[in-house]
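Written below as structure tokens is the structure these notes are about.
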Amino acid sequence: MKKQIKKAIALKYEPSHFNAPHVIAKGSGYIADQIIEQAQKHDVKIVEDQALTSILYQLEIHEQIPPSLYPMIAEIFAFVYQAEQKAGNLKNG
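See below:
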């Protein structure tokens, strides 16, 4: 059985510069570990989805996600936003 190499992708949405979220970092193995470590260090939410990672990994740095992925990525961004809002309410509440 072949061991799966860990991969990580970091996306960012900057509506003033890009029409869609774009890849700001990607890597496998040690680089993936570093991306995840930096995300955790800066309280960036991490979503694990092996199938989506495989698709996004084909994109280049600064490349926008394709329109076919808009619904899926929008759902993830909405989930993360809601989780951050709930966490903020718990801290402030």
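For the sequence shown, position 56 matches number 56 in the UniProt record's numbering, and the numbering has no gaps at all. Beta carbons: idealized from backbone N, C-alpha and C, even for Gly. None of these values were measured; they are calculated from a predicted model.
Using CA coordinates, which residue listed in the options is at the minimum distance from residue i?
| i | options | result |
| --- | --- | --- |
| A10 | Q82, G88, S28, P67 | S28 |
| M72 | A39, V47, Y30, K26 | V47 |
| S68 | H17, P21, E14 | P21 |
| T53 | K41, A32, Q40, Q38 | A32 |
Which value, in whole angstroms, describes the spacing of the CA atoms of residue i and residue j?
| i | j | result |
| --- | --- | --- |
| K6 | D43 | 20 Å |
| Y30 | K12 | 21 Å |
| Q4 | Y70 | 27 Å |
Output needed for residue i: all residues of its chain with C-beta closer than 8 Å, excluding positions within five of it in sequence on either side, in chain order.
| i | result |
| --- | --- |
| N19 | Q64 |
Please list, in chain order, all residues of the same chain as residue i whose beta carbon is under 7 Å from its beta carbon, the five residues on each side excluded.
| i | result |
| --- | --- |
| Q50 | none |
| Y57 | K7, I9, K26 |
Between the beta-carbon of residue i and the beta-carbon of residue j, is there less than 7 Å?
| i | j | result |
| --- | --- | --- |
| V23 | I55 | no |
| A78 | I36 | no |
| residue 101 | K45 | Nothing in the structure corresponds to residue 101, since the chain is present only between 1 and 93. |
Could you tell me the boundaries of the alpha helix (DSSP H) in which residue i lies?
| i | result |
| --- | --- |
| S28 | Note, S28: premise wrong, no alpha helix (DSSP H); beta strand (DSSP E) at 22 to 28. |
| I55 | 50 to 56 |
Please list the terminal residues of the continuous beta strand (DSSP E) segment that includes residue i.
| i | result |
| --- | --- |
| L59 | It is not in any beta strand (DSSP E) - L59 carries neither H nor E in the DSSP assignment. |
| K12 | 7 to 12 |
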